[in-house]
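Engineer: The structure follows.
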């Protein structure tokens, strides 16, 4: 992100302040204070908010903050304190006009961490290799001026060593980091090499020996060595995990993450068992609770939690994390996920913004928050987050359809087609990819092609919620009221109660089928969940045209318009109650 005011540009990825293109020196903590003020211009930011955001749980005096403000004012020439105004006993206001713009990937050094090869003597060493890959990606993501390909994309290269150079070229990365892990008993030997993309000659290589208990320290050493070799500064902000934690938490954590990323019911159950065993052994632990909460939330994401039992367990994990650390970034991410999958989209925004502030390159947060912004009509912010998500996680198929979703929300139906086509091409067996392709075809009036996609959906995923929804929408678009209603099963209606997507599409199906009162009921539910994109409902969505003459629709849209217009354009990251 780049903030501009006057002749100054503040680049958060490079941790750099420039005046007319020339760098202005500023200490790291002073830079972070400046970014916090720029993030919320023209409003009072309290001393406690700044101390919490910049120093977290560290005990510092008021003098540390005052010294940072003095440095900032000197750096930007604010000698008369008109840009950053002090409000007695309340805080500080950044009063100069501020604009924002995203940073192009080409402006950053970029790196691909290839999944480490397991060469263990033990039969169960693969989870160590995968876990180390993930942890190194997390550590390197703290480097502000480094673009790191996200874990989900990196792990798609597992077992594809022959194609790494070709893929690295397509991803336009500058460097590749790969290596191997050998585990025997409790002992580890890790070998790494860093090489420029397009070359087989190592720029840097190293071996590390130790035990599982040393892995935290080894991860830090690796990240620092890579950053030093690339002449970059490793950020010192915590990524939400206490590096001083009990090393016994690491093994169940890595085993569980390995299982969670299988995206299967069996894998999630295995992950829960590993994590519960770890918690039984160690007691409350932030790392284990965070991993357990994410595993439980995945049940909802994959449609495997019909009773809501797992999302309730994830919520319980978030509460326990906040008991250990009231300011935990991973706690806020989990809280945002819980609220998102519980159909509380408004309440999900603030914790996700706070999590993103701590981990600005996390693809899950970028995608989820971008989706929330799109539903609330904050299109520029949504587009920025979707672009950043694709930048760091380009091999995850779902990320490629998100700009297409924004195009649909803006009424640009034809523009959405290539994004959804790319999603399907990358993941042709995915039922959601097939459904979204049928959906965007229907939006563009290509009914025959959409019908073919719906037939494929029913053939490969017969009886699924998405197959039912695809069938219902197809009948609705064709004006086949009876067939559309028959496709709307009790199962589909129950699933839609807390789902913005399903609730929105039941609105469309029933409106197209001429079932106005029911359609309005589902529209009201969609708005209740959090879709308040007023331009979409009032202008860009032809599928609800038949509802717009009804008083009930007009009344609802007046409420939606007021909320849409009143949305604060600045992040609500500090307006969160765990």
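Residue numbers (the working numbering): 1098 to 1675.
Where a beta carbon is used, it is the ideal one built from N, C-alpha and C, also for glycine.
Rounded to whole angstroms, what is the Cα-Cα separation between residue 1379 and residue 1385?
Structural biologist: 10 Å
Engineer: Ignoring anything shorter than 3 residues, give me the beta strand (DSSP E) runs that lie fully in the stretch 1213-1253, in order along the chain.
Structural biologist: 1243-1245
Engineer: Thinking residue 1501 and residue 1517 are a contact (beta carbons under 8 Å), I'd like their distance in whole angstroms, please.
Structural biologist: 5 Å
Engineer: Counting only the same chain and skipping the five closest in sequence on each side, list residues whose C-beta sits under 7 Å from that of residue 1621.
Structural biologist: 1653
Engineer: From the DSSP output, in three-state form, read off residue 1293 for me.
Structural biologist: strand
Engineer: Residue range of the alpha helix (DSSP H) that residue 1443 falls in?
Structural biologist: 1442-1455
Engineer: Out of 1661, 1608, 1223, 1135, state which residue places its alpha-carbon closest to the alpha-carbon of residue 1645.
Structural biologist: 1608
Engineer: Does the stretch 1434-1446 come close enough to the stretch 1632-1641 that 3 or more CB-CB pairs lie under 8 Å?
Structural biologist: Judged by Cβ distances under 8 Å, the stretch 1632-1641 makes no contact with the stretch 1434-1446, as fewer than three pairs qualify.
Engineer: So what's residue 1306 in DSSP terms, helix, strand or just coil?
Structural biologist: strand
Engineer: Taking residue 1489 as the reference, give the member of 1265, 1196, 1194 with the closest Cα.
Structural biologist: 1265
Engineer: What span of residues does the alpha helix (DSSP H) with residue 1364 cover, start to end?
Structural biologist: Segment 1362-1379, the alpha helix (DSSP H) holding residue 1364.
Engineer: Any C-beta of chain B sitting closer than 7 Å to the C-beta of residue 1446?
Structural biologist: Absent from the structure: chain B. Only one protein chain is present.
Engineer: Would residue 1127 and residue 1188 be called neighbours here (beta carbons separated by less than 7 Å)?
Structural biologist: In this structure, residue 1127 sits away from residue 1188, with a CB-CB distance that is not shorter than 7 Å.
Engineer: Quick one: Cα of residue 1373 to Cα of residue 1411, how far?
Structural biologist: 13 Å
Engineer: Mark residue 1401 as exposed unless 16 or more other C-beta atoms lie within 10 angstroms of its C-beta, in which case mark it buried.
Structural biologist: exposed
Engineer: Excluding the five sequence neighbours on either side, which residues of its own chain have a C-beta within less than 7 Å of the C-beta of residue 1568, listed in chain order?
Structural biologist: For residue 1568, where only same-chain residues beyond five positions count, the Cβ hits under 7 Å are 1551, 1555, 1584.
Engineer: Name the DSSP bridge partner or partners of residue 1106?
Structural biologist: 1101, 1115
Engineer: Given this structure, state the Cα-to-Cα distance separating residue 1356 from residue 1462, to the nearest angstrom.
Structural biologist: 21 Å
Engineer: Should residue 1123 and residue 1161 be called a contact, given that it needs their Cβ atoms to be closer than 7 Å?
Structural biologist: Judged by beta-carbon spacing, residue 1161 lies beyond the 7 Å limit of residue 1123, meaning their Cβ atoms are not closer than that value.
Engineer: Just checking, does the stretch 1208-1216 make contact with the stretch 1451-1460 on the three C-beta pairs under 8 Å criterion?
Structural biologist: Fewer than three pairs of CB atoms, one per stretch, sit closer than 8 Å, so the stretch 1208-1216 makes no contact with the stretch 1451-1460.
Engineer: Only counting the same chain, and skipping five residues up and downstream in sequence, which positions put a Cβ closer than 7 Å to that of residue 1315?
Structural biologist: 1287, 1305, 1307.
Engineer: Using a 10 Å radius around the Cβ and a threshold of 16 neighbouring Cβ atoms, would you call residue 1223 buried or exposed?
Structural biologist: buried
Engineer: May I ask you to list the residues that DSSP assigns as paired with residue 1301?
Structural biologist: 1291
Engineer: Give me whichever residues DSSP pairs with residue 1189 in a beta bridge.
Structural biologist: Beta-bridge pairing links residue 1189 to 1142, 1183.
Engineer: Would you give the residue range spanned by the alpha helix (DSSP H) that residue 1467 belongs to?
Structural biologist: 1460-1472
Engineer: Got a sec? Which residues, its chain only, sit under 6 Å from residue 1338 by beta carbon, not counting five neighbours each side?
Structural biologist: Here residue 1338 scores only 42 on pLDDT, less than 50, and its place in the model should not be relied on; the value that follows carries that caveat. Counting only residues of its own chain and dropping the five nearest sequence neighbours on each side, residue 1338 has a CB closer than 6 Å to the CB of 1384.
Engineer: State the DSSP-derived secondary structure class of residue 1274, mapped to helix, strand or coil.
Structural biologist: strand
Engineer: For residue 1150, I'd like the list of residues in its chain whose CB is within less than 6 Å of its CB, leaving aside the five on either flank, ordered along the chain.
Structural biologist: So the qualifying residues of the chain are 1133.
Engineer: With DSSP as the reference, identify every bridge partner of residue 1280, one or two as the case may be.
Structural biologist: 1285
Engineer: Distance check for residue 1438 and residue 1408, CA to CA, integer angstroms please.
Structural biologist: 8 Å
Engineer: What distance in whole Å lies between the Cβ atoms of residue 1504 and residue 1520, which are believed to be in contact at a cut-off of 8 Å?
Structural biologist: At roughly 13 Å, the Cβ-Cβ gap does not stay under 8 Å, so residue 1520 and residue 1504 are not in contact.
Engineer: Between residue 1496 and residue 1637, what straight-line distance do the alpha-carbon atoms span, to the nearest angstrom?
Structural biologist: 23 Å
Engineer: If you draw a straight line from the C-alpha of residue 1597 to the C-alpha of residue 1628, how long is it?
Structural biologist: Between residue 1597 and residue 1628, the C-alpha separation is close to 7 Å.
Engineer: Ignoring anything shorter than 3 residues or poking outside the stretch 1485-1534, list the beta strand (DSSP E) runs there in chain order.
Structural biologist: none
Engineer: Output the distance between the C-alpha atoms of residue 1573 and residue 1615, rounded to the nearest integer angstrom.
Structural biologist: 13 Å
Engineer: I'd like to check one pair, residue 1610 with residue 1581: are the Cβ atoms closer than 7 Å?
Structural biologist: Cβ distance < 7 Å, so residue 1581 and residue 1610 count as in contact.
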